[in-house]
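The structure appears below as structure tokens.
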Amino acid sequence: MAGEEAAAAAAAPEAAGPGPAQPPAEARPDGGEAGNGGGYDGKCVFCRIARREEPGTALLPCEYEDLVCFRDIRPGAPHHYLVVPVEHMGNCKTLKKEHIPVVKKMVEVGKTVLQRNNFSDLNDVRMGFHWPPFCSISHLHLHVLAPASQLGFLSRLIYRINSYWFITMPIVEEWLSEKGHDLLEVSNPVFTMEGGSHGYVSCP
Ligand SMILES: [Zn+2]
Ligand SMILES: [Zn+2]
1 MAGEEAAAAA AAPEAAGPGP AQPPAEARPD GGEAGNGGGY DGKCVFCRIA
51 RREEPGTALL PCEYEDLVCF RDIRPGAPHH YLVVPVEHMG NCKTLKKEHI
101 PVVKKMVEVG KTVLQRNNFS DLNDVRMGFH WPPFCSISHL HLHVLAPASQ
151 LGFLSRLIYR INSYWFITMP IVEEWLSEKG HDLLEVSNPV FTMEGGSHGY
201 VSCP
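Residue numbers (the UniProt record's numbering): 1 to 204.
Rendered as structure tokens:
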């Protein structure tokens, strides 16, 4: 009987083992981003990806432990990455000045992943956030696409510069430099249109 038990344990090392060493959120040096409703949402695909619970999505190297980076499953360009906070944070409409540091890091990760993948012309890059409600995933995510000059017709539409459904770096950078505003305020002149008729963008 004891032998059988040992054999069973040996046959299921993953179930019996301690599992991969993942630091608990409260053990992180910065205490994690409490943010807007932070934490983990098991129904959110980006929360699951960030915790390596989606075997189909490989995480790329990322210099910050509170962020993850992976390829978009429906790439709109030869390079198409998503940069996502590990903690569940709401979409870009909810970004406030206290989120500036994390967004700066997201942009930095976006540039680094391009360079790591041998794409160095940072002038030919499209980065931005989908403005709600034009995205099916509410978890904050930065799209990083390159080369911008090679976006297909549909991608040019979906990831259009500062359209009212995709907010890109000029406005995000303005927001980052202003300090003290919510992104919603800075982007208001462009994003006052509600809804629209072009349809619905789902991502990834
Ligand atoms: Zn999430
Ligand atoms: Zn999106």
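Even for Gly, the Cβ is constructed at its ideal location relative to N, Cα and C.
Model, not experiment: these values are computed from the prediction.
Spatial distance of residue i from residue j (CA atoms)
i	j	result
residue 138	residue 113	23 Å
residue 59	residue 178	32 Å
residue 151	residue 73	16 Å
residue 132	residue 39	21 Å
residue 171	residue 161	10 Å
Endpoints, the alpha helix (DSSP H) within which residue i is located
i	result
residue 176	169-178
Exposure of residue i, with buried meaning 16 or more beta-carbon neighbours within 10 Å
i	result
residue 63	exposed
residue 85	buried
residue 142	buried
residue 122	exposed
residue 46	buried
residue 145	buried
residue 98	exposed
residue 65	exposed
residue 30	Residue confidence is low: residue 30 scores 36 on pLDDT, short of 50, so the model does not pin down where it sits. No coordinate-derived value is stated.
residue 153	exposed
From the options, residue whose alpha carbon lies closest to that of residue i
i	options	result
residue 136	77, 90 and 160	90
residue 127	133, 97, 101 and 163	163
residue 169	69, 56 and 106	106
residue 102	75, 76, 68 and 120	68
residue 176	96, 75, 124 and 153	96
At what residue ranges does the stretch 133-172 contain a whole run of the beta strand (DSSP E), taking only runs of 3 or more? If we require 3 residues or more, the beta strand (DSSP E) runs fully inside the stretch 133-172 come out as 142-146 and 166-168.
Hey, which unbroken runs of the alpha helix (DSSP H) at 4 residues or more fall wholly within the stretch 42-126? 45-50 and 100-116
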